[in-house]
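Enquirer:
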Amino acid sequence: MLPATFHDIFKREAFIPLLTNSKRPKNTKSYDRHRTLSRKQQKQWNKSLKLYRANREDYERDEREDEEKITILAYWSFVDPYIEQLTENCGGCWYTNDRNLEKMADAIVFDNTRSTTAQKDGDMPDFSSRNLDSQYWIWWPRESAAKGLNRKSKFNIVKDENNWDGCMNLTLSYRQDSDIIRPFGTIERVFEEQYFQTDNLHGKELMVNGHKSKNHTAWLVSNCNQTQGSIARWEFGKRLVDAGLKLDGFGKCFGNIIDSMSTDARLGSYKFYLAFENAFHCTDYISEKFWRNSLSTMTVPVVFGPEKEDVEKIAPKNSFIFAEDFETQKDLVDFLDYLDGNDTAYLQFHKWRNAAPEIEHKEYIHHRQG
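With UniProt numbering applied, the sequence shown corresponds to residues 1 to 370, in that order.
(1) How about the region 255 to 271 and the region 325 to 334: do they share at least three Cβ pairs that are nearer than 8 Å?
(2) Determine the extent of the beta strand (DSSP E) in which residue 71 is found, giving its start and end residues.
(3) Determine, using beta carbons only, whether residue 290 and residue 302 come nearer to each other than 8 Å.
(4) Secondary structure at residue 167, three-state DSSP: helix, strand or coil?
(5) By how many angstroms is the C-alpha of residue 184 removed from the C-alpha of residue 144?
(6) Is residue 355 near the ligand FMN, in the sense that its beta carbon is under 7 Å from a heavy atom of that ligand?
(7) Just to confirm my understanding: we take residue 346, look at its own chain, exclude 5 residues before and 5 after, and list those with CB closer than 6 Å. What are they?
(8) Which residue's Cα is closest to the Cα of residue 288: 276, 282, 180?
(9) Should residue 344 be labelled buried (16 or more other beta-carbon atoms within 10 Å of its own) or exposed?
(10) Mind pulling the alpha helix (DSSP H) runs of 4 or more residues that sit fully within the UniProt domain "Fucosyltransferase C-terminal" (214 to 356)?
(11) Bridge partners of residue 110, per DSSP?
(12) By a C-beta neighbour count over all protein chains shown, 10 Å radius and 16 as the cutoff for buried, is residue 278 buried or exposed?
(13) Apart from the five residues just before and just after residue 167, which ones in its own chain have a Cβ nearer than 8 Å to its Cβ?
(14) Terminal residues of the continuous beta strand (DSSP E) containing residue 186?
(15) Please report the distance separating the alpha-carbon of residue 251 from that of residue 131.
(16) With distances taken between CB atoms, is the gap from residue 240 to residue 332 smaller than 8 Å?
(17) I need the straight-line Cα distance from residue 226 to residue 102, nearest angstrom please.
(18) Helix, strand or coil for residue 172, going by three-state DSSP, please let me know.
(19) For residue 223, which residues from the same chain have a beta carbon less than 6 Å from its beta carbon, with the 5 sequence-adjacent residues on both sides left out?
(20) Cα separation between residue 135 and residue 220?
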């Protein structure tokens, strides 16, 4: 017996292993083949979409080598190639993980995924010698707030707790009310990767030659029980399968790990993707499951976890299917099956790809008053 609403699943403490058909899809070619612009046109289009979202008149990066660079220290370790990539894209900044530069750094970034007692990145920073007038400490919660609650932070075991009360100057996160907003994706980035000139070209490229015609829904998930939200989404997925969803599962939870280099092509051969977050109604938390695994791979995301209004703020109209809009899981499965059998109706969820996005110079840096 299915629950009357989706919220009822949170009353269940246990979850049952999810059944899945893990067959290998035949079509695993790169989704890059769905481009309908020439490379020259695509390059020009991409250039027009580049935004450097700082609150200044000039959005272009100043690459003058003689300019004094701002030093940003990632206090808890990153791999070196990632550091180099950040520095290359940081304009007048130098991003490093060299702890020897702690005292002279203009800013220190603390990644909350590395702040737990389980991580072995070394001691806490030296608060006593910090220059409060010239150095910013920036808190960077990369995961959802709900996931962070399950971890014991190094900040909670410092002897003199008063020294750490209010020690952070700025926040850097996916939340729209952060001092510095760092979303998991943007619609502009999706348009750089996938854009169609006309309805006919769009439909031809997406549906012809059997592409997406045989593969229904995919789900890549490796966290089935680490948080209440991850347990709930797993249970919800099981109920969809019980209601008849044709699902192929990938990731640790299914015992079907796929190579990261082929993930985009594999997921792109499906019509739908379960973009289920590991947190429920966590403000603004819309991760790569929605952006990279869904929109960028040409699948239609079925969204569960975020508030609908949070998704509508950042996604084009009719670009996703919101799970909570349906009374029961069976209703949702029936709707997906209807779209699966009706190309015209299905393509309505890709129609947004035919028009350029309404680009706004949105401030990704919020300046405090006073």
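Think of the CB as a built atom: it goes at the ideal place given N, C-alpha and C, for glycine as much as any other residue.
Expert: A quick look at the data gives this:
(1) They do not touch, by the three-pair rule.
(2) Per DSSP, residue 71 belongs to the beta strand (DSSP E) from 70 to 74.
(3) In this structure, the beta-carbon distance from residue 290 to residue 302 does not fall below 8 Å.
(4) If DSSP states are grouped into helix, strand and coil, residue 167 belongs with coil.
(5) Here the C-alpha atom of residue 144 lies approximately 12 Å from the C-alpha atom of residue 184.
(6) For the structure depicted, the ligand FMN is absent and the ligand set is empty, with no information on it obtainable.
(7) Excluding positions up to five away in sequence, the list reads 339.
(8) Closest by alpha carbon: 276.
(9) Flag for residue 344 reads exposed.
(10) Whole alpha helix (DSSP H) segments, 4+ residues: 228 to 242, 263 to 267, 288 to 291, 308 to 314, 329 to 340, 343 to 347.
(11) In the DSSP output, where bridge partners are listed per residue, residue 110 has 139.
(12) Counting Cβ neighbours within 10 Å, residue 278 comes out buried, since at least 16 surround it.
(13) Within the same chain, residue 167 has close Cβ partners 127, 137.
(14) Note, residue 186: premise wrong, no beta strand (DSSP E); not H, not E.
(15) Using only the alpha carbons, I get a separation of about 45 Å.
(16) Yes.
(17) Cα to Cα, residue 226 sits roughly 34 Å from residue 102.
(18) The answer is strand: DSSP assigns residue 172 an E or B state.
(19) In chain order, 230, 278 place their CB closer than 6 Å to the CB of residue 223, counting only its own chain and leaving out the 5 sequence neighbours on each side.
(20) So the alpha carbons of these two residues sit roughly 41 Å apart.
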